[in-house]
Amino acid sequence: MNPEIYCGASDEHVHYNNQELIQGKPVKLFGIEGTDDRTIWLDMKNCTGVLDSTSFSLLPGLEYISFDNCNFEDCKRAFSSLNKLNSLHIDKGTFPLEPETFEDNTSLTVVSLQDIKVPSNPCFQHLQQLESLSFDTCLFENLNGTLFSNLESLKGISISNCKINVIENDIFDNLSHLEGLNIRDSEIDEINFEVFLKLANLKFFSFHHNKINADVDYKTFEQISTLTTVHFDLNVYEILNFDSLPNLETVKIGYVDEGDDPKSNEIVEKLQSSGVKTEYVFCGTIECESDLEECS
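For any residue, its number in this note's numbering is found by taking its place in the sequence shown, counting from 1, and adding 394.
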């Protein structure tokens, strides 16, 4: 057996490592001739070359693909042959997201990007079934409305540990249907908080532990009357008038030091007396016993 192409947790899960993908040539798994309808989960690591419409043409059953530290020169129409693909994770490496990357793919519902550079072009515009989009440790040129154009089914966006030059005023122009937004532990150079008022159906809003190099008006949050669950920094709760949020059900309170639960806070007592539920969320880091990686 080729040691770089092997089965994973089951016959349906395959690892594909250290391979060069050639333009116009499909990925072929060890021991399988022709079309493989069995594999539904593909992990690709340290791969290079070019992704195109033929790359996964022999793997029509794929539902989940993970790219780890892959460096591709091009990826136009990379997933056009996969009409069952519903989840995609890209971690590190070079993955040139372009307006044509997801062309002819209508099945993806979840996309997760980690530690890559995100362009300001409409690279997600073809994903009309996309429901969840997350970014972790990514670098944005600009966060604008072009990036999120045509995402008619998108329900949730998560942005964590990212560096953002500018959150532009048109970012949410086409996302009035968005129900959940999480922006945390990120560095933001420029933002106008009134952009959040365009989210007419926002129910869950998490905005905490960010470094913001601009004027901040947290009172703007009081005008998002649709909110049912919020997670802000503790100092934000101190200035908000919760009576302006008639649908509020749950307030999450974060802390970074273990054993430092702010349970005696006056804000908590006020919320609980109003029938609002409070939850405490650990927002620091811990060491995993298995591999000593940091977990957030």
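The beta carbon of each residue, even a glycine, is placed where N, CA and C say it ideally should be.
Which same chain residues, not among the five before or five after residue i, have their C-beta less than 7 Å away from its C-beta?
i	result
N635	E616
R471	D446, S447, E494, E497, D498
D611	F587
L621	L596, K597, F599, L639, N641, L642
With DSSP collapsed to three states, give me the class of residue i.
i	result
Q702	Residue 702 falls outside the range modelled here, since the chain spans only 395 to 690, and no answer is possible.
V512	strand
V670	coil
V662	helix
F743	Any property of residue 743 remains undetermined from this structure, which presents the chain solely from 395 to 690.
F496	coil
F518	coil
S501	coil
V650	coil
Quick one: residues in its chain with C-beta nearer than 8 Å to the C-beta of residue i, no 5 flanking neighbours on either side, listed in chain order?
i	result
G402	With a pLDDT of 46 at G402, under the threshold of 50, the modelled position of that residue is not reliable, and the figure given next carries that caveat. Cβ neighbours of G402 beyond the five flanking positions: V408, H409, W435, D437.
N463	K439, N440, D485, K486, G487
E406	R432, T433, I434, W435
K549	E525, S526, H571, L572, E573, G574
I582	I558, I561, N604, K605, I606, N607, A608
Go ahead and label residue i buried or exposed: buried means 16 or more other beta carbons lie within 10 angstroms of its beta carbon, across all protein chains shown.
i	result
G428	exposed
I618	buried
L591	exposed
A594	exposed
T461	Checking the displayed sequence, the identity of residue 461 turns out to be Phe instead of Thr. By the neighbour-count rule (16 or more Cβ atoms within 10 Å), F461 is buried.
F474	Residue identity differs from the one stated: residue 474 is Ser in this sequence, not Phe. Under this definition S474 is a buried residue.
K597	buried
N629	exposed
V650	exposed
S667	exposed
I647	buried
F424	exposed
V675	exposed
Spatial neighbours of residue i within its chain, please: C-beta separation below 6 Å, excluding the five flanking residues on both sides.
i	result
F534	V512, I558
G627	Per the sequence shown, the amino acid found at residue 627 is Asp instead of Gly. Closer than 6 Å at Cβ, skipping near neighbours: H602.
C556	F529, C532, S580
V662	T672
F665	Correcting the residue identity first, residue 665 is Leu in this sequence and not Phe. These residues qualify, in order along the chain: V645, T672.
E584	V560, A608
### Query
Which ranges does the alpha helix (DSSP H) cover as unbroken runs of at least 4 residues, wholly within the stretch 569 to 642, from first to last along the chain?
Listed in chain order, the complete alpha helix (DSSP H) runs (minimum 4 residues) inside the stretch 569 to 642 are 628 to 631.
### Query
Can you list the beta strand (DSSP E) stretches of 3 or more residues lying completely in the stretch 400 to 488, in chain order?
Segments of the beta strand (DSSP E) lying fully in the stretch 400 to 488: 407 to 411, 435 to 439, 442 to 444, 458 to 468, 481 to 488.
### Query
Hey, is the stretch 636 to 644 in contact with the stretch 600 to 611, meaning 3+ C-beta pairs nearer than 8 Å?
When C-beta atoms of the stretch 636 to 644 are compared with those of the stretch 600 to 611, fewer than three pairs fall below 8 Å, so the two segments do not count as touching.
### Query
Which whole runs of the beta strand (DSSP E) in the stretch 523 to 562 are 3 residues long or more, in chain order?
With a minimum length of 3 residues, the continuous beta strand (DSSP E) runs that stay inside the stretch 523 to 562 are 526 to 530, 550 to 554, 557 to 561.
### At least 3 beta-carbon pairs within less than 8 Å: the stretch 534 to 544 vs the stretch 512 to 525
Yes, since at least three Cβ pairs between the stretch 534 to 544 and the stretch 512 to 525 fall closer than 8 Å, the two stretches touch.
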